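Chemist: Each residue of the sequence shown is one higher than the last, beginning at 754 in our numbering. Even for Gly, the Cβ is constructed at its ideal location relative to N, Cα and C. Model, not experiment: these values are computed from the prediction.
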Amino acid sequence: MDSSQLFTAYMTIVRKEVSRFLRVWKQTIVPPVITTTLYYVIFGQFIGSRIGEVGGFSYMEFIVPGLVMMSVIMNSFSHVVSSFYMAKFQKTIEEILVSPTPYWVIIFGFITGGVIRGMVTWGIVLAVALFFTHVSFAHIGLTLLFAFLTSLLFALVGLLNGLIADSFDSTSVVPNFVLTPLTYLGWVFYSISMLPPIWQTISHANPILYMIDGFRYGMHGTSDIAPWISFVVLVGFCTVFFSIIWYMFSKWKGIRT
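#1: So, with DSSP's three-state summary, where would you put F810?
#2: Could you spell out the range, first to last residue, of the alpha helix (DSSP H) harbouring M947?
#3: In chain order, what residues of the same chain have a beta carbon less than 8 Å from the beta carbon of C991, not counting five sequence neighbours either side?
#4: So, with DSSP's three-state summary, where would you put T761?
#5: I need the boundaries of the alpha helix (DSSP H) containing L938, first residue and last residue.
#6: Determine the closest residue to V771 out of M813, I869, I800, with distance taken between C-alpha atoms.
#7: Where in the region 777-841 do unbroken runs of the alpha helix (DSSP H), each at least 4 residues long, occur, reported from the N-terminal end onward?
#8: What residue range is occupied by the uninterrupted alpha helix (DSSP H) comprising H973?
#9: Just how far apart, CA to CA, sit G862 and M764?
#10: Mapping DSSP to helix, strand and coil, what is F930?
#11: Measuring alpha carbon to alpha carbon, tell me which of M839, I978, I800 ends up nearest F921.
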C-alpha cells in the first residue's frame, strides 16, 4: 500500500471510532461530566472548605488536575476496550486483518479514537471546572503533552485488554480492580507530603501518580516529582504496551473470541 492508501485506511478506522462515541454522546460524554461535577461539589466545595489550602492552592484548585486526568484515563481506556472487543465479537476485526492494511495502521486507528475521546473529555471537564474555581496554566504545552500521553497510554491499555478479553465481563476487570484503585491512590485528592515516609515510597510504584503529578505541574507550576521523570515514565509505558500489542497482532493472539 502506498502512503495515500495507508492514510485512507487509517482515517477510515478513525472516522468509525470517532463517530461511534459521538453518535451516543449522551452515554459517552455526559456521564463523565456529571460524575466530575459531583466530585467538584462534594470534595471541592463541601470537604475542601474544611481542608483549606494544599501546596499553596485552595483544595478545589488542587484537585482539578487529578479529576481531569481521572476522566481522561477512564474514557480513553473504556472507548478502545469496548470498541475492539465488539469488533472481535462481531468478527469485523478479522475482515480488517485479512486486508493489506498493516498492523500498525490498525493499531493507531483504534487508539486514535480513544485519544480523541480522552482529549474531548479533557476539554469539557476543564471547562466545567471554570464554574467552580480559577483555572490557570503555568505551562500550557506540558499540560497538553501530559494529557495526550496519558490518553495515548490508556488507549493502548484498553486495546491490550480488548485483545486478552474472552467475554464482555472481562472488559470490566481492569477498570474495576486496577484503574480505579490506582487512580484514587494517585494523588487525585491529596498530596504525597501528607503521607508517612513509608507510604510516600510505596506510592512511587503507582504509574498514575506520575501522570497526575506531571499534569499538575503543567497547570500549577509545582510538582513532587521532576516533570522529566514523569515524561520518561509515560513514554516508557507507551513503548512497552505498543510492543506487546504489536507482537499479539503479528501472532493473531487474542484476535478471535
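Modeler: Taking the geometry as given:
#1: Locating residue 810 in the sequence shown gives position 57, counting from the first residue. If DSSP states are grouped into helix, strand and coil, F810 belongs with the strands.
#2: By one-based count along the sequence shown, residue 947 stands at place 194. No alpha helix (DSSP H) contains M947, which DSSP labels as neither H nor E.
#3: Numbered from 1 along the sequence shown, position 238 holds the residue referred to as residue 991. The residues are L902, L905, L906, L909.
#4: Numbered from its first residue, the sequence shown carries residue 761 at position 8. Three-state DSSP puts T761 in a helix.
#5: Sequence index remark: in the sequence shown, residue 938 carries index 185 (1-based). Segment: none, L938 is in no alpha helix (DSSP H) and carries neither H nor E.
#6: Against the sequence shown, residue 771 aligns to sequence position 18. V771 has its Cα closest to that of I869, out of M813, I869, I800.
#7: 778-781, 783-792, 801-804
#8: What you label residue 973 is simply residue 220 of the sequence shown in a count that begins at 1. Start and end: 960-973.
#9: Translated into the one-based positions of the sequence shown, residue 862 becomes position 109. Translated into the one-based positions of the sequence shown, residue 764 becomes position 11. Going from the Cα of G862 to the Cα of M764 covers about 7 Å.
#10: Counting from 1 along the sequence shown, the entry for residue 930 is found at position 177. If DSSP states are grouped into helix, strand and coil, F930 belongs with the helices.
#11: Translated into the one-based positions of the sequence shown, residue 921 becomes position 168. The option with the nearest alpha carbon to F921 is M839.
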